[in-house]
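Below: one structure, written as structure tokens.
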Amino acid sequence: MSRYRPTVRTALALSALAAAACSDSPVTSTQIEPESSAYARVAADEPVVAGQVIVKLRDGQSLDALAATHGVGKGAQGYAHAFDILLTTRGNERAMAARLAADPRVEYAEPNYIRHTDAVDSRLWAFYNPGGLNMSFYNDPNGRTGPLPSTYASILDADEDNISGYAANGADVTIGSIDTGVDFNHPEFTGRLIAGCDWYDMAAAGNGSATCTDFTPFDTPDEGHGTHTTGTMAGTTVGVAGVAGASPHVKVYVQRVCGAAGCYTSSIINAINAAADYLDANGKHLVAVNMSLGGGTESTGEKTAIQRATNAGVLVIASAGNSGTSRVACPACDVNAISVASTTWRDELASYSQYGKGLDLSAPGGNCYSNSTPEGCIFSAVAAGYTGGTVYSGPLAGGSYTYMQGTSMAAPQVTGTAAVVASVTGLRGSALRSRIESTADDKGAAGYDTQFGNGRVNTYRAVTGTTLPAGQ
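Take 24 as the starting number for the sequence shown in this note's numbering and just add one per residue.
Okay, here's the thing in structure tokens:
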């Protein structure tokens, strides 16, 4: 593919933490607790939706009776009746969840946690890197500045683009985006986006959510995150599917679960369950869903929904988190999810990336050495009017683009790979997961390790089963 160098439309400084943590804002009947600046938190510090507890009753039990016993009110119901929300006093969420969980009528109870999108802030070096970057200067953590030395050049990449159009003759497939929504007018996705539910706005409005009534999962200028991740996995010119030639065959089912106040686990659970049920025009399930979001506490509701999606043959691919700690964030931490760490243009683990036991894969997520030389980050689409960083015009006329970095950018590399492999080979579910993991480039210690998982994803090998010569 041609290497496009965008021209600057606006000279806004790149935000060091764009979309890394969502700001707090009040919502009807669900005030949000102040958010900690730390990403990984113990359960006691994980931000929650104030006054809400997610509850799953055992079969045959009465919600009215349970609510009366514990002196709580009834709130929204989850999609497909997967859970109910009970209302308690502000600050009593954890104590009430523990009390309800001890009731024999209850299968599980937990606070309604608030997740965050996993971007640090963001080029297509991930697709093809012949041994260097088009960078005149760098600014590394040790304070060294000057021309980029050859020792800083990666000799390997994710082989997403080689042999132009190698995946052009596949079948139609659909993947899912569970994020801040997508800009439906962006030229990278013309005719390929499917509007699912805006679970975030429904929750903010206090609406019951057993059935979706808001099909406007549109990204906003102050977010842009979902458009960026969707561009990385499915964009025509900036996505894995696009550079492999498969984008005409890849549609994206879009659901919005994140906004200014974060990403409520109740909305995430709804979206995963809806994704598990979705059938495309050919009557087939989604190949995979991408969730570039996370938090520090496991959610039984998320785990149950991920199991349901897995049973339907839908891969759930999630970012490992950006705190740099040796513990994978959740929901990526679930054994049924595919957790993805971030690698740099040097093919090393990014310093911000979380890792640890249970990590499954790694993928290019970006590593900008300075705001003035952002090419080490991931270049992708962004919502029109994006306010979080420098905006570029093109490669497609009428589209807005920017750089971001983070495990948010790594996860969609894997989701895009899943789409291309499924389109060309027909593999789904566990067979597809095995193909992607077994064809990854081994990094770090020989075999599986906790920094790279099963290796750094290699799209070309996953699709073709063959290895490209060195330098391609």
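Note that the Cβ used here is the ideal one computed from N, Cα and C, for glycine as well.
All figures in this text were calculated on a predicted structure; none of them were measured in a lab.
When you compare each of the options to residue i by their alpha carbons, which one comes out closest?
{"i": "residue 92", "options": "125, 227, 239 and 327", "result": "125"}
{"i": "residue 384", "options": "449, 443 and 472", "result": "472"}
{"i": "residue 88", "options": "127, 478 and 279", "result": "127"}
{"i": "residue 380", "options": "190, 82, 214 and 474", "result": "474"}
{"i": "residue 205", "options": "219, 299 and 365", "result": "219"}
{"i": "residue 298", "options": "288, 209, 329 and 324", "result": "329"}
{"i": "residue 431", "options": "270, 140 and 209", "result": "140"}
{"i": "residue 283", "options": "203, 191, 313 and 360", "result": "203"}
{"i": "residue 135", "options": "290, 442 and 102", "result": "290"}
{"i": "residue 455", "options": "468, 466, 469 and 488", "result": "488"}
{"i": "residue 84", "options": "288, 357, 130 and 418", "result": "130"}
{"i": "residue 363", "options": "272, 463 and 254", "result": "463"}
{"i": "residue 95", "options": "118, 342 and 104", "result": "118"}
{"i": "residue 259", "options": "244, 213 and 137", "result": "213"}
{"i": "residue 466", "options": "358, 367 and 440", "result": "367"}
{"i": "residue 223", "options": "412, 109 and 294", "result": "294"}
{"i": "residue 365", "options": "100, 343, 236 and 250", "result": "343"}
{"i": "residue 316", "options": "78, 100, 248 and 239", "result": "248"}
{"i": "residue 90", "options": "359, 452 and 110", "result": "110"}
{"i": "residue 333", "options": "433, 439 and 360", "result": "360"}
{"i": "residue 274", "options": "280, 301, 336 and 228", "result": "301"}
{"i": "residue 486", "options": "469, 439 and 389", "result": "439"}
What residues are listed by DSSP as bridge partners for residue i?
{"i": "residue 200", "result": "277 and 313"}
{"i": "residue 378", "result": "Its beta-bridge partners do not exist; DSSP assigns none."}
{"i": "residue 241", "result": "205"}
{"i": "residue 286", "result": "138 and 281"}
{"i": "residue 218", "result": "277"}
{"i": "residue 123", "result": "Paired residues: none, contrary to the question."}
{"i": "residue 79", "result": "131"}
{"i": "residue 423", "result": "405 and 416"}
{"i": "residue 362", "result": "341"}
{"i": "residue 107", "result": "78 and 100"}
{"i": "residue 353", "result": "318"}
{"i": "residue 464", "result": "479"}
{"i": "residue 302", "result": "308"}
{"i": "residue 455", "result": "According to DSSP, residue 455 bridges with nothing at all."}
DSSP three-state call for residue i: helix, strand or coil?
{"i": "residue 346", "result": "coil"}
{"i": "residue 296", "result": "helix"}
{"i": "residue 323", "result": "helix"}
{"i": "residue 144", "result": "Only weak support exists for where residue 144 lies, its pLDDT of 43 falling under 50; the coordinates are left without a value."}
{"i": "residue 179", "result": "In this prediction, residue 179 has a pLDDT of 48, which is less than 50 and means its spatial position is unreliable; what the coordinates show is noted afterwards. DSSP places residue 179 in coil when its eight states are reduced to three."}
{"i": "residue 504", "result": "Nothing can be reported for residue 504, as the shown portion of the chain is limited to 24 through 495."}
{"i": "residue 525", "result": "Beyond the ends of the chain as shown, which are 24 and 495, falls residue 525; an answer cannot be given."}
{"i": "residue 52", "result": "Per-residue confidence for residue 52 stands at a pLDDT of 30, beneath the threshold of 50, marking its modelled position as unreliable; the derived number appears in the next sentence. The answer is coil: DSSP assigns residue 52 none of H, G, I, E or B."}
{"i": "residue 100", "result": "strand"}
{"i": "residue 133", "result": "strand"}
{"i": "residue 89", "result": "helix"}
{"i": "residue 387", "result": "strand"}
{"i": "residue 60", "result": "Its pLDDT being 29, under 50, residue 60 is placed unreliably in this model, and the coordinates cannot settle the point."}
{"i": "residue 46", "result": "The predicted position of residue 46 is uncertain, since its pLDDT is 27 and thus under 50; no value can be drawn from it."}
{"i": "residue 487", "result": "helix"}
{"i": "residue 440", "result": "helix"}
{"i": "residue 171", "result": "With a pLDDT of 39 at residue 171, under the threshold of 50, the predicted position of this residue should be treated as unreliable, and no value is reported."}
{"i": "residue 39", "result": "Note that residue 39 scores 28 on pLDDT, short of 50, meaning its location in the model is unreliable and no value can be drawn from it."}
{"i": "residue 74", "result": "strand"}
{"i": "residue 339", "result": "strand"}
{"i": "residue 318", "result": "strand"}
{"i": "residue 402", "result": "strand"}
{"i": "residue 224", "result": "helix"}
{"i": "residue 472", "result": "strand"}
Please check if any C-beta of chain D sits within less than 7 Å of the C-beta of residue i.
{"i": "residue 271", "result": "Included in the structure is just one protein chain, with no chain D present."}
Measure how close the beta-carbons of residue i and residue j come, nearest whole angstrom, since I'm counting them as under 8 Å.
{"i": "residue 285", "j": "residue 446", "result": "Not confirmed; about 33 Å, so no contact."}
{"i": "residue 508", "j": "residue 386", "result": "Nothing can be reported for residue 508, as the shown portion of the chain is limited to 24 through 495."}
{"i": "residue 198", "j": "residue 257", "result": "7 Å"}
{"i": "residue 268", "j": "residue 191", "result": "4 Å"}
{"i": "residue 221", "j": "residue 237", "result": "4 Å"}
{"i": "residue 292", "j": "residue 101", "result": "6 Å"}
{"i": "residue 209", "j": "residue 239", "result": "Wrong, their Cβ atoms sit about 15 Å apart, outside the cutoff."}
{"i": "residue 324", "j": "residue 106", "result": "6 Å"}
Below 6 Å, is the gap between the Cβ of residue i and the nearest heavy atom of the ligand MG?
{"i": "residue 342", "result": "Of the ligands one can find in the structure shown there are none, so the ligand MG has no counterpart to examine."}
Contact between the region 399-409 and the region 425-441 (3+ Cβ pairs under 8 Å): Result yes; three or more Cβ-Cβ pairs closer than 8 Å.
Given 8 Å, three or more beta-carbon pairs between the region 477-484 and the region 449-464: Enough Cβ pairs lie closer than 8 Å, so yes.
The region 402-421 in contact with the region 304-321 per 3-pair CB rule at 8 Å: No, the region 402-421 does not touch the region 304-321.
Cβ contact check for the region 372-379 and the region 348-359: 3 or more pairs under 8 Å: Three or more beta-carbon pairs drawn from the region 372-379 and the region 348-359 are found closer than 8 Å, and the two stretches are therefore classed as touching.
Inter-stretch contact at 8 Å, needing at least 3 Cβ pairs: the region 103-120 / the region 69-77: The region 103-120 makes contact with the region 69-77: 3 or more CB pairs, one atom from each, lie closer than 8 Å.
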